[in-house]
Amino acid sequence: MTDSFQAPRGTLDWLPPRSGARRAMIGAFAARAERAGFREAQTPVFEEQGLFARTAGASSEVVGKEMYVFTDQGDRELALRPEFTAGIVRAYLEHGLSREAQPVRLWSAGSCYRYAAVQRGRYREFTQVNAEAIGSDDPAVDAELIALQVGWFRELGLEGLAVRLNTIGDRADREPYLALLRAFLDKHLGDVADDVRRQRDLNPLRAFDTKDPASQAVMAQAPVIADHVGAEAAAHFDRVREFLDARGIAYVLDPTLVRGLDYYSRTTWEVAWPELGAQSGIGGGGRYDGLAELIGGPPTPGVGFACGVERVLLALAAQERLPGVAPRCDAFFMVLADAARPTLHALMEAARDRGLACEADLAGRAAKGQIKQADRVGAARTVVCGDDEWARRVCLVRDMTSGEQIEVALDDLVGHLADLAGGAQA
RNA sequence: GUGGGCGUAGCUCAGCUGGUGGUAGCUCCGGGUUGUGGUCCCGGCGGUCGUGGGUUCGAGUCCCACCGCUCACCCCA
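In terms of the working numbering, the first sequence is residues 4 to 429.
And the structure:
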């Protein structure tokens with residue numbers, strides 16, 4: 004043990020340039036979602052623990068082991084959100100959004116928390132971008148959500164994505180199928196790994212997720228839910244696919260695709276970037292028509308998805324496609340006369356008021372160091388003021404591209420810089 | 001939570017079977033150019049060798065524990 008500190012295990016410090024990439028990614032998502040009619044929703048980072056416990060389902064690891072729970076000074080049982088959906092649906096019900104035009108479309112971006120083993124691409128505090136459309140069971144909504152998610156990835160320049168799609172039917176279809184699946188598992192208990200046997204009672208659907216080859220071989224013979232969905236859910240799914248096909252969105256049907264949270268119904272999907280290894284899932288979503296009822300609301304259909312910003316960022320970095328925030332510096336103030344610094348810094352501030360990006364040396368650098376810094380920040384122009392210029396109340400404005408410099412009176416400097424920048428932008 | 005690998009300067013890394021921490025590269029600052037920039041040359045700043053114990057005359061090097069990173073299981077974003 005030392006007397007110094009480290010960031011808690013599983014947390015990330017967002018520093019430049021990655022902080023800029025993160026902001027650009029979220030900004031692109033927000034803009035795209037807004038174009039599709041989504042508006043921003045920010046719900047609390049913590050909620051009553053019961054909200055998540057009720058919605059995620061008992062079999063879910065997210066609730067069983069991974070939730071950050073705590074009791075506050077008022078003895079309230081709270082939990083840091085492990086995902087967005089429950090909080091968004093809670094807010095929809097609490098604020099009577101069912102009276103607005105449906106579906107209500109909301110996007111969010113922010114931190115979620117899960118106490119899981121830390122690995123590359125899996126953190127305890129992580130960032131999700133999220134979108135939900137609540138209040139319509141139109142299959143076009145499912146397709147809108149998938150299109151928003153895939154469109155965002157495409158806009159970021161991410162290549163090599165794999166979209167898997169499935170339907171898990173309605174709740175009413177589920178029980179008869181699960182009985183069938185349990186019966187199948189019971190017949191093969193001997194040929195199957197321990198974890199699969201455990202899933203038999205917990206959540207038999209997850210048995211398909213096993214990585215044990217022998218178990219996989221067995222599960223390949225198992226009955227599949229897609230073959231046991233009711234007529235309505237099947238028709239809904241066909242229609243979703245029509246909407247996707249018309250958009251040219253490529254996907255693979257995966258009848259074993261089951262998502263980790265129990266509240267899903269009908270359409271489910273996942274997007275993976277396979278090169279990421281064990282944490283290849285960069286986004287996933289599904290329809291959750293029964294969720295609102297679970298938390299005391301009226302029957303309300305809904306669809307949503309989430310994407311892991313850190314994982315998308317890893318994928319983009321691997322493809323050297325990290326979005327950057329365009330660095331900009333219209334003028335770097337190189338002040339070599341110490342007496343002139345307060346005045347020149349005031350002029351710099353006035354230029355900022357006019358909308359220009361300006362910087363000056365703030366570390367006592369020598370002349371060479373200052374112009375090097377100007378070059379480093381990509382300054383379009385450098386304003387030079389030494390003893391000689393200061394005595395005459397002028398400065399030199401140097402064009403950093405051409406190297407040409409002209410003398411400008413200090414009184415005219417801000418207007419001059421504004422004109423130059425305005426002309427350059429036009 | 002369970003196994004494997006790793007941990008030397010801000011970053012990337014040398015350091016052979018234990019024998020005094022590298023003029024190493026990059027970055028940063030200064031000088032060459034007494035006030036003009038991505039190159040070049042010179043110089044400088046910068047290290048409790050992850051932390052704590054142990055073995056030893058002597059530990060960056062060997063042993064143990066802890067912390068952190070990483071890969072897999074698991075889970076999922």
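Glycine included, C-beta positions come from ideal geometry on N, C-alpha and C.
Please read these numbers as outputs of a predicted model, since none were measured by experiment.
Residues bridged to residue i by DSSP?
i	result
isoleucine 409	Val400
glutamine 122	Arg125
valine 306	Ala136 and Arg290
serine 101	The partner list for serine 101 (beta bridge, DSSP) is empty, contrary to what the question assumes.
glutamine 131	Gly113 and Gly311
glutamate 362	Phe335
arginine 324	DSSP, once it has assigned bridges, lists no residue as partnering arginine 324.
arginine 108	Ala136
Can you tell which of the options has its C-alpha closest to the C-alpha of residue i?
i	options	result
phenylalanine 211	Ala234, Arg185 and Gly233	Arg185
proline 19	Gly90, Ala182, Leu325 and Phe129	Leu325
tyrosine 254	Asp230, Leu164 and Leu208	Leu164
asparagine 133	Pro301, Leu413, Ala225 and Gln45	Gln45
alanine 366	Arg344, Ala217, Ala354 and Gly124	Arg344
arginine 269	Asp230, Gly99 and Gln376	Asp230
phenylalanine 421	Arg355, Asp390 and Gly289	The question names phenylalanine, but residue 421 is alanine in the sequence shown. Closest by alpha carbon: Arg355.
arginine 174	Gly13, Pro216 and Arg290	Arg290
alanine 146	Gly305, Tyr118 and Ala353	Gly305
leucine 256	Arg108, Val107 and Thr170	Thr170
glycine 288	Tyr267, Arg84, Gln52 and Leu399	Tyr267
alanine 217	Glu235, His191, Gly233 and Glu37	His191
glycine 13	Cys332, Arg117 and Gly160	Arg117
arginine 368	Ala377, Cys361 and Asp16	Ala377
valine 48	Ala94, Asp391 and Ser7	Ala94
glutamine 52	Arg79, Val417, Ala36 and Lys68	Arg79
arginine 401	Leu423, Ala394, Asp414 and Asp391	Leu423
arginine 57	Leu399, Ile374 and Gly293	Gly293
leucine 3	Leu161, Arg357, Leu208 and Val166	Because the chain here runs from 4 to 429, residue 3 falls outside it and cannot be looked at.
glutamate 410	Leu188, Asp391 and Gly90	Asp391
glutamate 1	Glu69, Ile374, Val65 and Asp333	Since the first residue shown for the chain is 4 and the last is 429, residue 1 is missing from the structure and cannot be characterised.
arginine 262	Gly286, Val92, Leu247 and Phe246	Gly286
glycine 113	Met403, Gly381, Cys310 and Asp415	Cys310
Let's see if you can read the secondary structure: which residues bound the beta strand (DSSP E) around residue i?
i	result
glycine 289	284-290
methionine 337	332-338
valine 386	382-388
arginine 269	268-275
Grab the span of the alpha helix (DSSP H) containing residue i for me, first residue to last.
i	result
tyrosine 254	From DSSP, tyrosine 254 is part of no alpha helix (DSSP H); its letter is neither H nor E.
threonine 259	First-last for threonine 259: undefined, no H or E at that position.
leucine 350	344-356
glutamine 221	It is worth fixing the name first, because residue 221 is valine in this sequence and not glutamine. Element bounds for valine 221: 216-222.
alanine 377	370-379
Is the beta carbon of residue i within less than 6 Å of some heavy atom of the ligand FAD?
i	result
proline 142	For the ligand FAD, the structure offers nothing, since it holds no ligand at all.
* To do: Pair every Cβ in the region 373-389 with every Cβ in the region 324-338, then say whether three or more of these pairs are closer than 8 Å.
  => Contact holds between the region 373-389 and the region 324-338, because three or more Cβ pairs, one in each stretch, are under 8 Å apart.
What are the start and end residues of each continuous alpha helix (DSSP H) run of 4 or more residues lying completely inside the region 8-90, in chain order?
-> As far as the region 8-90 is concerned, its whole alpha helix (DSSP H) runs of at least 4 residues are 21-38, 52-59 and 64-67.
Only counting runs of 3 or more residues, tell me where the beta strand (DSSP E) segments fall wholly within the region 156-214, in order along the chain. DSSP runs (the beta strand (DSSP E)) wholly in the region 156-214: 165-170.
*asked:* Quick check: the region 266-283 against the region 148-161, are at least 3 beta-carbon pairs closer than 8 Å?
replied: The region 148-161, when compared against the region 266-283, does touch it at the 8 Å Cβ threshold.
Self-check item: Contact between the region 64-80 and the region 99-106 (3+ Cβ pairs under 8 Å)
Solution: They do not touch, by the three-pair rule.
Flag this pair as touching only if the region 237-248 and the region 121-138 have three or more C-beta atom pairs under 8 Å; answer yes or no. In this structure the region 237-248 does not lie against the region 121-138, because fewer than three pairs of beta carbons, one per stretch, are closer than 8 Å.
Any contact between the region 292-301 and the region 275-282? By contact I mean 3 or more CB pairs, one from each, below 8 Å.
Output reads no: the region 275-282 does not touch the region 292-301.
**OP:** Could you tell me whether the region 191-201 touches the region 136-144, where touching means 3 or more Cβ pairs closer than 8 Å?
**Re:** Segments in contact, no.
Would you call the region 308-318 and the region 197-210 touching, i.e. three or more CB-CB distances under 8 Å?
Note that the region 308-318 does not touch the region 197-210; fewer than 3 beta-carbon pairs, one per stretch, sit closer than 8 Å.
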